[in-house]
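S.K.: Heads up: the sequence shown begins at 39 in the working numbering, then just goes up one per residue. Even glycine gets a Cβ: it sits at the ideal position worked out from N, Cα and C. For reference, the structure I am asking about is given below.
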Amino acid sequence: MGVRTAMELRVLLLLPLCFPGLQAQTSSAEESRPEGSTLYIQCPYAAPDDYQQQKAWCRMRDGEWKLLVETTTGFPYRNWDTSGKVTIEDNRTNRTVSVTMTNLQVEDSGIYLCAYHNRYGYHQLKTISLNVFKELHKQELDSVSVQCPYSPWVYSMDRKAWCRREGQTACKVVVSTDYPSTQSNSKALRDRTSIQDDTRRRTFTITMEKLQDRDTGTYCCAFYLDSDLRRLTEVRLSVSKRTQRYTAMESGNVSVQCLYSAPDYGAVSKAWCKETAGKPCTILATTALGPSGSRRTPQQGRVTIQDDTQQGILTITVEKLQAQDSGVYWCALHSHGYLFRMVEVTLHISDVPAVGTTLSVTAGTSQATPSGNSPTPSFSSNATVIFSGVLSILFILALISLIILCIRRRKQLQRRGNRQAEDTCDKTEDIAQLDSTESTGSAKDDSKDLKYITLNFKSRLSTEDPLYCNVEPSQPHRKLEDESVEYATIVLKQLPTNDKG
């Protein structure tokens with residue numbers, strides 16, 4: 039079933055009526071733009087004398103062409119409409135008319151015309167069918183409301199509809215009205231989609247509730263002309279899932295919290311189910327039974343579900359986790375036999391056993407908080423404990439490394455002190471050798487066989503430390519029995535202290 043507007047069918051018939059002498063040409067185009075964007079159209083002309091004529095930009099309204107803006111008669115041949123939204127410019131060098139429309143809105147959708155006129159009448163340069171669509175981005179379980187105004191060409195008694203685009207031309211009716219403003223809902227979106235027609239304001243309103251990601255698609259506000267469906271407004275709806283991810287240890291526990299709008303869905307039953315390939319989500323626990331709003335499933339024996347309808351928090355706890363518990367789950371509304379996903383939960387069970395491990399995680403980073411007065415629950419898990427343990431170990435290693443560096447630094451300073459002492463001793467030996475030379479000269483006057491050595495130590499030597507000195511005579515060695523022995527006395531003088539030590 040086609041969704042082209044009724045106005046498009048009347049364009050060729052109305053052109054001669056609106057502009058007497060209008061000569062139609064072959065150029066035409068279809069343009070589609072989102073709300074808030076800009077349309078830029080170029081309309082070339084080839085006739086040698088066309089550049090001397092005024093150019094115009096018109097729109098079809100109520101079956102007539104309405105002039106929006108035309109070029110000036112003098113240079114620079116540019117002009118704006120009264121709102122400043124539409125600009126037209128004639129480039130006579132390139133023989134092209136350029137039209138710019140900014141901040142497009144849904145109501146700008148329609149049929150437009152590039153034209154010029156001379157004494158023989160108006161000449162069509164290009165016809166443009168402009169479709170300005172709404173872009174709506176929602177999350178699962180949100181609601182959306184769309185208002186669809188209609189022109190006087192659409193009668194109040196005409197049947198209005200909300201359809202979903204399938205392919206390029208077909209549009210499947212989701213919900214429609216019959217005069218006077220009765221409504222009917224399709225089976226696929228039962229209890230979720232409604233339509234209401236306000237004939238006084240000439241606007242009908244579409245409301246969709248409990249949105250799911252499968253509702254993503256292109257929709258149209260439309261009306262019936264005879265038996266054909268005619269488009270009024272196009273809406274491109276995108277619905278994204280709320281998601282959470284968890285990793286837990288085998289034999290441990292996991293606790294999941296899903297937020298929802300308490301005023302909207304507090305009284306609706308909730309369920310916890312698991313996805314299975316090719317099958318509907320299998321319900322593991324539900325709040326439908328039990329006066330307290332919580333129930334432990336006898337089949338599983340390990341799943342507990344609890345619904346805080348005041349705060350809007352659904353809590354699911356799974357105990358004694360097993361490897362086969364890995365998979366994709368839903369926190370869902372359970373209404374009229376249908377499941378409407380609130381949050382998609384991906385659970386991964388590690389094969390590393392950890393007895394007594396408990397994991398409690400709420401909405402992850404990809405979890406958007408629904409509307410309503412819902413608190414933000416706390417976050418705690420094994421990951422936090424492991425992270426804290428790693429930080430403690432790193433801190434201890436850093437402390438040990440610091441102590442080792444301090445000890446090494448102290449040893450290096452001690453070694454430097456010993457080296458300075460050794461250097462001082464070396465210098466002392468040199469001085470001792472000099473003093474020895476002087477003392478030897480004076481000793482030769484008294485005896486050729488004896489040598490005296492005076493040692494002056496400039497280092498900080500303690501009087502208690504022993505000092506040894508070997509004195510060898512310059513003469514050849516002789517037997518001890520033939521020589522007399524004399525002893526040298528060494529006196530240590532206290533040297534003044536040095537600040538640098």
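(1) Whole angstroms are fine: how far does the CA of residue 170 sit from the CA of residue 374?
(2) Nearest to residue 136 by alpha carbon, out of 434, 164 and 308?
(3) Reducing DSSP to helix, strand and coil, say where residue 93 ends up.
(4) Would residue 94 and residue 108 be called neighbours here (beta carbons separated by less than 8 angstroms)?
(5) Could you check which residue in 167, 112, 263 and 286 has the C-alpha nearest to that of residue 151?
(6) Could you work out which residue in 186, 290 and 368 is closest to residue 382 when comparing CA atoms only?
(7) What does DSSP give as the partner residues of residue 107 in its beta bridges?
(8) In three-state DSSP terms, what is residue 301?
(9) On the DSSP bridge assignment, give the partners of residue 182 in chain order.
(10) Please name the residue in 356, 352 and 351 whose C-alpha comes closest to that of residue 341.
(11) Quick one: residues in its chain with C-beta nearer than 6 angstroms to the C-beta of residue 353, no 5 flanking neighbours on either side, listed in chain order?
(12) Just list the residues that DSSP pairs residue 268 with in beta bridges.
(13) With DSSP as the reference, label residue 412 as helix, strand or coil.
(14) DSSP three-state label for residue 436, please.
(15) When you compare the CB positions of residue 258 and residue 197, do they come within less than 8 angstroms of one another, or not?
(16) Would you mind working out which of 154, 366 and 290 sits nearest residue 317, comparing C-alpha positions?
(17) I'd like to confirm the pairing. Which residues does DSSP put opposite residue 365 in its beta bridges?
(18) Output the boundary residues of the beta strand (DSSP E) element that contains residue 148.
(19) Determine the direct distance from the alpha carbon of residue 92 to that of residue 277, and round the result to whole angstroms.
(20) Is the stretch 175-189 touching the stretch 264-278 in the sense that three or more CB pairs, one from each, lie closer than 8 angstroms?
(21) Alpha carbon to alpha carbon, how far is residue 179 from residue 123?
(22) Assuming residue 127 is part of the beta strand (DSSP E), what are its boundary residues?
(23) Taking the C-alpha atoms as reference points, what is the distance between residue 303 and residue 311?
(24) Give the secondary structure of residue 428 by DSSP, where H, G and I count as helix, E and B as strand, and everything else as coil.
(25) Taking the beta carbon of residue 161 as the centre, do at least 16 other beta carbons fall within 10 Å, making it buried, or is it exposed?
(26) Residues in its own chain within less than 6 angstroms of residue 78 by CB, not counting five upstream and five downstream?
(27) Three-state secondary structure (DSSP) at residue 216?
(28) Between the alpha carbons of residue 200 and residue 233, how many angstroms are there, rounded?
(29) Does the beta-carbon of residue 378 have 16 or more other beta-carbons within 10 angstroms, so that it is buried, or is it exposed?
(30) Between the C-alpha atoms of residue 80 and residue 209, what's the straight-line distance to the nearest angstrom?
(31) Name the DSSP beta bridge partners of residue 211, please?
(32) Among 363, 206, 348 and 267, which has the Cα closest to the Cα of residue 284?
(33) Short check: CB of residue 181 to CB of residue 249, under 8 angstroms?
(34) When DSSP labels each residue in this structure, what does residue 359 get in the three-state scheme?
(35) Do you know how far the Cα of residue 144 is from the Cα of residue 156?
(36) So residue 244 and residue 184 are in contact, right, with Cβ under 8 angstroms, and what is the actual spacing, rounded?
M.R.: Concretely, from the data shown:
(1) Within the sequence shown, the letter at position 336 stands for residue 374. Within the sequence shown, the letter at position 132 stands for residue 170. If I take the Cα positions, the gap works out to 37 angstroms.
(2) Locating residue 136 in the sequence shown gives position 98, counting from the first residue. Of the candidates 434, 164 and 308, the residue whose Cα lies closest to the Cα of residue 136 is 164.
(3) One-based indexing of the sequence shown puts residue 93 at position 55. In the structure shown, residue 93 falls within a strand segment according to DSSP collapsed to helix, strand and coil.
(4) Counted from its first residue, the sequence shown places residue 94 at position 56. Counted from its first residue, the sequence shown places residue 108 at position 70. Result yes, Cβ atoms of residue 94 and residue 108 sit closer than 8 angstroms.
(5) Taking the sequence shown and counting its residues from 1, one reaches residue 151 at position 113. Minimum Cα distance to residue 151 is reached at 167.
(6) Here residue 382 corresponds to residue number 344 of the sequence shown, with the count starting at 1. Minimum Cα distance to residue 382 is reached at 368.
(7) Along the sequence shown, read from residue 1 onward, the residue named residue 107 stands at position 69. As a beta-bridge residue in DSSP terms, residue 107 pairs with 95.
(8) In the sequence shown, residue 301 corresponds to position 263, counting from 1. Of the three classes helix, strand and coil, the one that applies to residue 301 here is helix, per DSSP.
(9) As a working mapping, residue 182 is identified with position 144 in the sequence shown. Per DSSP, the beta bridge partners of residue 182 are 246.
(10) Here residue 341 corresponds to residue number 303 of the sequence shown, with the count starting at 1. Checking every option, the nearest Cα to that of residue 341 belongs to 356.
(11) Locating residue 353 in the sequence shown gives position 315, counting from the first residue. Result list for residue 353: 295 and 344, in chain order.
(12) As a first step, residue 268 is located in the sequence shown; it is residue number 230 there, counting from the start. In the DSSP secondary-structure assignment, residue 268 is bridged to 261.
(13) Here the question's residue 412 lines up with position 374 in the sequence shown. The pLDDT assigned to residue 412 is 36, lower than 50, so where the model puts this residue is not dependable; a value taken from the coordinates is nonetheless given after this. DSSP, reduced to helix, strand and coil, places residue 412 outside both helices and strands of the structure shown, so it counts as coil.
(14) Counting from 1 along the sequence shown, the entry for residue 436 is found at position 398. When secondary structure is reduced to three states using DSSP, residue 436 falls in the helix class.
(15) As a first step, residue 258 must be located in the sequence shown, where it is residue number 220. As a first step, residue 197 must be located in the sequence shown, where it is residue number 159. Taking 8 angstroms as the Cβ cut-off, residue 258 and residue 197 do not qualify as a contacting pair.
(16) By 1-based counting over the sequence shown, the position of residue 317 is 279. Per the Cα distances, 366.
(17) Taking the first residue of the sequence shown as position 1, residue 365 is located at position 327. According to DSSP, residue 365 bridges with 385.
(18) Walking along the sequence shown from the start, residue 148 turns up at place 110. Taken as a continuous stretch (DSSP letters only), the beta strand (DSSP E) holding residue 148 covers 148-156.
(19) Mapped onto the sequence shown, residue 277 falls at position 239. Mapped onto the sequence shown, residue 92 falls at position 54. Residue 277 and residue 92: Cα-Cα distance of roughly 48 angstroms.
(20) Touching, yes.
(21) On the sequence shown, residue 179 is found 141 positions in, with the first residue counted as 1. On the sequence shown, residue 123 is found 85 positions in, with the first residue counted as 1. Whole-angstrom Cα-Cα distance: 38 angstroms.
(22) Numbered from its first residue, the sequence shown carries residue 127 at position 89. For residue 127, the enclosing beta strand (DSSP E) starts and ends at 124-129.
(23) The count along the sequence shown starts at 1 and reaches residue 303 at position 265. The count along the sequence shown starts at 1 and reaches residue 311 at position 273. Those two C-alpha atoms are separated by around 18 angstroms.
(24) Residue mapping note: residue 428 aligns to position 390 of the sequence shown, counting from 1. Residue state, collapsed to three classes: helix.
(25) Taking the first residue of the sequence shown as position 1, residue 161 is located at position 123. By the 10 Å Cβ count, residue 161 comes out buried.
(26) On the sequence shown, residue 78 is found 40 positions in, with the first residue counted as 1. The beta carbon of residue 78 sits closer than 6 angstroms to the beta carbons of 138 from its chain, once the five residues preceding and following it are set aside; these are given in chain order.
(27) Reading the sequence shown from its first residue, position 178 is the one you call residue 216. Residue 216 carries a strand assignment under DSSP once its states are collapsed to helix, strand and coil.
(28) Your numbering for residue 200 matches position 162 in the sequence shown. Your numbering for residue 233 matches position 195 in the sequence shown. C-alpha separation (whole angstroms): 8 angstroms.
(29) Taking the sequence shown and counting its residues from 1, one reaches residue 378 at position 340. Buried, because 16 or more other Cβ atoms sit within 10 Å of the Cβ of residue 378.
(30) Looking up residue 80 in the sequence shown gives position 42. Looking up residue 209 in the sequence shown gives position 171. Those two C-alpha atoms are separated by around 32 angstroms.
(31) Here residue 211 corresponds to residue number 173 of the sequence shown, with the count starting at 1. Under DSSP, residue 211 takes part in a beta bridge, and its partners are 201.
(32) Taking the sequence shown and counting its residues from 1, the one referred to as residue 284 is at position 246. The residue with the shortest Cα to Cα distance from residue 284 is 363.
(33) By one-based count along the sequence shown, residue 181 stands at place 143. By one-based count along the sequence shown, residue 249 stands at place 211. In this structure, residue 249 lies closer than 8 angstroms to residue 181 by Cβ.
(34) In the sequence shown, residue 359 corresponds to position 321, counting from 1. Three-state result, residue 359: coil.
(35) Looking up residue 156 in the sequence shown gives position 118. Looking up residue 144 in the sequence shown gives position 106. When rounded, the distance between both Cα atoms is 34 angstroms.
(36) The residue labelled residue 244 in the question sits at position 206 within the sequence shown. The residue labelled residue 184 in the question sits at position 146 within the sequence shown. Confirmed, about 5 angstroms.
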